[in-house]
Structures are given as C-alpha cells and as structure tokens.
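Working notes, structure below.
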Amino acid sequence: MGAAWQRPTVGDFVLVSGHGDLSRSRRWGQLFADDGEQDRPFLVRFHDGLEPELSWCDLERVRTVDKALEDASDQEEEYQCPICFTPFEEDSQIVTPCGHCFCRSCIENALAACQTGDPTERPCPLCRQTVSLFALKMVRTGQRIHFLSDDLSCLNGSVFVLRSHSEVGFASFHFEDGNAYISHSSARCPFAGLVLDNGSLPPDKKFFEKTFWHQGSRTFHGELIWSPCTWYGSERWRIVMQFSEDLAFVTTGVMKLRSHRHACLLDGVWRVEWGNEKAPDLIRVQGGMWEHRGMRYWLNLTDPAKPCFVWRGLGVTQWCELPEAPLEDGQSLLWVTDDPKHPHIIWKRLRGPYDRYDRIVFYKLLGPNGFEYVRHHELRLQEMSFRKGQLFGNSYLHASKLGVESYHFEELRDDQVARGYISYESMPAETPGMDTGAPVPYRVPFEKTHWDEESRCFTAEVDYLRHYGSTWQGVATVTYRMVFDPEFLYIQSGSVKCLNPAAGTAPAPVAEEKHFGKDLVYINADAGRYLRSQADNGRKPTLQNVSPQIQRSLQEALDAANKRNDR
Ligand SMILES: [Zn+2]
Ligand SMILES: [Zn+2]
C-alpha cells in the first residue's frame, strides 16, 4: 500500500489480507456498504466461498484490485510449479497429501535431495509436512505414482553387516529366497547387552514381516516384531534402508522402534466427577500425561502406589491411593485434594488401559551418520588379485594368514578419505578377547587415515577404547604407518605402535612398537602368483633394498604358488 493506494468505494473488488476471522491470508470481496466515515470498517461481501458472506473489514487491510488481472495471476500461480516456475504439463503434475502441486521430477528430486533418514518420507518443500513418496498422486488421474513391491529378489543372496564389526551374525541383515531376516547367530555373540528386554537371547534368524522393495528409491521396508517380548522397549522395529546403486552398502535409512505399551497404570479414558454441580469432564491419559482445558498434566509416580499431580497455576495437589487390583471399566478412583472447594474428586474409568497408543521409543539413522551397513564379502584368497602400482584393492598378509590381522585397502573416497580395515575374522580360537570379555571385532576399520601417493605412505589408527569401550590386552590405541614398495608387493617400512590408555593430558605411553620389514613382515595376498607369473616370463623380481625377512617371505609365497601349480 504505497502512494498509489486509493480509497476503495462501494462496489469495488477488494483483496482483504490477514483479517481476524478469516482463516486464509488473502481473500476476495466486494465492498458492500460504506457509511461514509474514513475510519469505520467497510462491510465486505465475500463470494469466493460456497455462500456469499458478509464481514466488517478494516480499511487498512483492504486493497482495490483489478479483479480480472488478479484472477489471471492467481490462475498462473496455481498452474505453475513452485519449484521450477514453469507451467504444469498435464501428465506430470503431482499433488501431495498436503495439497501442494509440483512437477513430478521437481518433487521427486526435492524429496531425494534430503540425505538422511527415511528416503521415502520427506518434508514437503512448501509446508514441511511429511510427505510419503507412496502418497504422491497424479493430479489428472488421481492415481499414485510409486508402489511398493513385495519382490525382494534383487537382494537375494546378499548379507549386510555392521561396518564397525563386519561380523555375520552380529545384527547382520540377510536376504534369501525372497525373505529377509536379521541374524544374531554369531558364536562371538552375545556380548553383554545383546539380549531382549526379558533377558532371553535373540533368535538366530528373526524374519522381517511386511517386507517391501521400492525400485525407484532402492529402499527395503520391513518390520521386526518382537511381541509379546520387547527389545529396547519396543515390540515393533520398523526399518527402512536405502542401498547404493551397486547394492554394496546402505546409503541411508532409519530404524524406528515403536511401542504401544502403557507407560502408566492409569492410562485410559476417565470421567472426572468434581463432587459438586460442575459438569463432569472427560480426560484421556496416555503415558501418565493428559490434557485438560488446554493445559498438560503429568502424573508424579515417584511413589507408584500413591500417584499425585499439581493443578497447574493453582498450586493445589491432588493424590490418591491406588488399589492393589487394576481398575476395570466403570470402577472409580477416589482422589483427595487440598482445595477446600473440591476436597474429593472421582475418576471413573470408561476405557483402558487397553486403549493402545503407539509411539517411537528409539530412532536411529542408518548409513554413514548412524549404523553403517556394508555388503559382506567373505575374504577368499583366490579372489584377491595383485593390483600393481596402487594401494587400493590390495590386501596384505602376515605369514600368508588371511583374517589373522591382515590389512585390506578398499578405496580412496571422493573426499580423499582412504578406507580400509584389519581383518581378525580367522583368529585362532585361543586368541584373548577384548579386556571386558567382549569378542574381538571381525573387521576393524582404519580410522584417521591418510594416504600420501607420492611417498606411498599410509597412516591410520585404531582406537579400541573409544570404539569398543575396551582395551585389548592392555592396549587402548594402535597407530599404523606403512610405506609400500613402488610395485605395492609388500610393506617396505613403517611401524605399528601400541599405546596404553593415556592418563590425563600426558601422551599415551607406548606399550610396544614393531617395525615393518623387520619384526613385522607383510606381503601382498597375491604375491606368490604374481612372482610366479614374473618368473614364467623370465623376469626376476627386483628386490633391492629388501630386508632378508621380506625376501624370505616372498620366496615362501613363490614356493607355495609353485607347489599349488604343480599339484
Ligand atoms: Zn517443477
Ligand atoms: Zn505441502
């Protein structure tokens, strides 16, 4: 409203904004009456609803408009996508349950742009209400555009393990014959805490129910139902996980642990009788909480036999003594208050406690920001091929033992983070576990990795104390520095430092230090076959600056390869 504003006169079409009794922010109307006084409100006849209605309207909120023009722009607004501002094409206009329209590609991209949580349930770009991909509808036909399929075959035969442990049977997800289950079968399980709330062990195979696959978002949907038991306070775990394009790992997802149990004996619907002329009220108690006349109340159950609560703002306390037997429908509970006007109040149970409610008791993200799941590949020597001149894709073994503290280098990520792990999956049975008694993790990811291509130096650390809550044979942290030969056939130099827990700010004392190439000999898992093929081609391996220990180990690998070939 600037200088151009003109006082509207009777018969003008006006746009009214923010009027008190209007639910919409802008509304059409036509001036109906004018009593001639500047400051008096106008009477406006609204006629955009079903029935024309009249309302007094503050002059300040009224704007004259050219109705035809405004109509056109309203139409335009309605027929263009609020994301790309292009007019809708009939076949691509999508409507959300919250009533907002977008082009199909715009809304799908907007929903997919959120990186964490359930990738099929995201906030609407306009109003932030949660929108499920499966609730999007074509405006023209009213039909849904995304469907869940019960065909899980694309995941058949795959196993996904927690990256932190990489252990099959340690909360691993298995997809077999169109079914899905979570496994807790590992011999190294259970360690403390991995039991259901009633103390029983989780079953080896717990099958998912209500399983679905959505190809468009590459998401698996399923529920683990533990009832009548609970786990982490929940009878029903709803899990949605999205897989990477190559189905090699879980990119994002969510675990929603739901519960419909009653947190409180008094949950249910009650009629409150005040003991005087005051009309009774109905309240619904859920989880020990209820609302009454816009106020929230919580039961104080410090003494479970004597619940009490305080009348908010009045300081009146109300308490009762709970009978031993649970209150059935129709039975009454006598409350006492310190308000002389209502010394006694009666609650009559109408319904409950079987009036169930459903809430999320635990919410955990899947993917790099939460439980990180990766597809499990069993380590097989015959599948390990030497990748000459590069680190990633190679594995290094000590004394040809796979899975006995062997090093595996996976990839250099786009953000230059080097990924790799140490495998302990074939440690001899007599190997001592973690100092808390927990099993040694199958695979331990290298952390704080740094890879310097030029010097062929890889550094990393493993913090047992921080990640597994335990030292291992007194060692809290291990730091690694490995320098590879130019071909990447062996670890030429560097060291492994085992550190005891640090006391205060002092640097952690070194418990043990070993040197690669001397007391610690690691050669490529495929070194024997490679050396043999070199020898077949009449090439002698160049083993300059190689310690006698490495030479010996390489020779053993070559001998073993020759022996395998002779057989
Ligand atoms: Zn668009
Ligand atoms: Zn919306």
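Note that the sequence shown covers residues 1 to 567 in UniProt numbering.
Ideal Cβ placement from N, Cα and C applies to all residues, glycine included.
Please read these numbers as outputs of a predicted model, since none were measured by experiment.
Indicate whether residue i and residue j have their beta-carbon atoms separated by less than 7 Å.
i    : j    : result
F458 : M482 : yes
E425 : G393 : no
L322 : R271 : no
L126 : H100 : yes
D118 : V240 : yes
V159 : H376 : yes
G517 : S547 : yes
H165 : Y464 : no
S186 : E167 : yes
W347 : L333 : yes
R284 : R258 : no
R218 : V374 : no
G330 : V250 : no
F446 : G469 : no
H146 : G216 : yes
For ligand 1, I want to know if residue i counts as a neighbour, meaning its beta carbon is within less than 6 Å of at least one of the ligand's heavy atoms.
i           : result
I94         : no
C127        : no
residue 608 : It is not possible to answer for residue 608, since the shown part of the chain is limited to 1 through 567.
I83         : yes
C229        : no
C103        : yes
C457        : no
C320        : no
C308        : no
S106        : The amino acid at residue 106 is misidentified as Ser; the sequence shows Cys. C106: yes, Cβ under 6 Å from ligand 1.
Using a threshold of 6 Å, is the CB atom of residue i nearer than that to any non-hydrogen atom of ligand 2?
i    : result
V342 : Looking at the sequence itself, residue 342 is His, so the reference to Val does not match. For ligand 2, not one heavy atom lies less than 6 Å from the Cβ of H342.
H100 : yes
C124 : yes
For residue i, which residues of its own chain have a beta-carbon under 6 Å away from its beta-carbon, when the five flanking residues on both sides are left out?
i    : result
T230 : D197
A418 : L412, T449 and W451
A503 : none
T479 : E461 and K497
D21  : With a pLDDT of 39 at D21, under the threshold of 50, the predicted position of this residue should be treated as unreliable, and no value is reported.
H292 : I283
S493 : V483, F516 and G517
Could you tell me whether the Cβ of residue i comes closer than 7 Å to any Cβ of chain C?
i    : result
G178 : Within the model displayed, chain C is absent; a lone protein chain is all it includes.
Apply the 10 Å Cβ neighbour rule to residue i and answer buried if 16 or more other Cβ atoms are within range, or exposed otherwise.
i           : result
L50         : Below a pLDDT of 50, predicted positions are generally treated as unreliable, and L50, at 38, falls in that range; the measurement from the model is reported next regardless. Under this definition L50 is an exposed residue.
P307        : buried
C189        : Residue placement at C189 is flagged as unreliable, the pLDDT there being 47, under the threshold of 50; the coordinate-derived value follows with that caveat. By the 10 Å Cβ count, C189 comes out buried.
H344        : exposed
A460        : buried
residue 574 : Outside the displayed span of the chain (1 to 567) sits residue 574, for which this structure offers no information.
M255        : buried
D559        : exposed
H515        : exposed
N156        : exposed
residue 580 : Residue 580 falls outside the range modelled here, since the chain spans only 1 to 567, and no answer is possible.
I84         : Ile is not the amino acid found at residue 84; the sequence shown has Cys there. The residue in question, C84, is exposed, as its Cβ has fewer than 16 Cβ neighbours within 10 Å.
P280        : exposed
G142        : exposed
T96         : buried
A305        : exposed
G395        : Sequence check: residue 395 is Ser here, not Gly. Result: buried.
T505        : exposed
P267        : For the record, residue 267 in the displayed sequence is Asp; it is not Pro. Burial call: buried.
P202        : buried
R456        : buried
Grab me the residues of residue i's own chain with a C-beta within less than 7 Å of its C-beta, minus the 5 sequence neighbours each way, in chain order.
i    : result
G90  : According to the sequence as given, residue 90 is Glu; it is not Gly. Same-chain partners within the cutoff: R140.
D338 : V316 and T317
P432 : Q473
Q549 : G517, K518 and V521
A508 : A476, T477, L499, N500, P501 and A502
Enumerate in chain order the residues of its own chain whose CB-to-CB distance from residue i is below 8 Å, with the five nearest sequence positions on each side excluded.
i    : result
T86  : Q80 and C103
E328 : R349
L290 : The sequence given here has Trp at residue 290, not Leu. Closer than 8 Å at Cβ, skipping near neighbours: I283, R284, R296 and Y297.
K563 : none
M427 : G403, V404, E405 and V440
K401 : S426
L247 : C154, L155, S158, R218 and R375
A561 : G528, R529, L531 and R532
Y363 : V254, M255, K256 and L257
Inter-stretch contact (C-beta, 8 Å, three-pair minimum) for the segment 167-187 and the segment 207-218: yes
Would you check if there are 3 or more beta carbon pairs closer than 8 Å linking the segment 523-536 to the segment 384-393? yes
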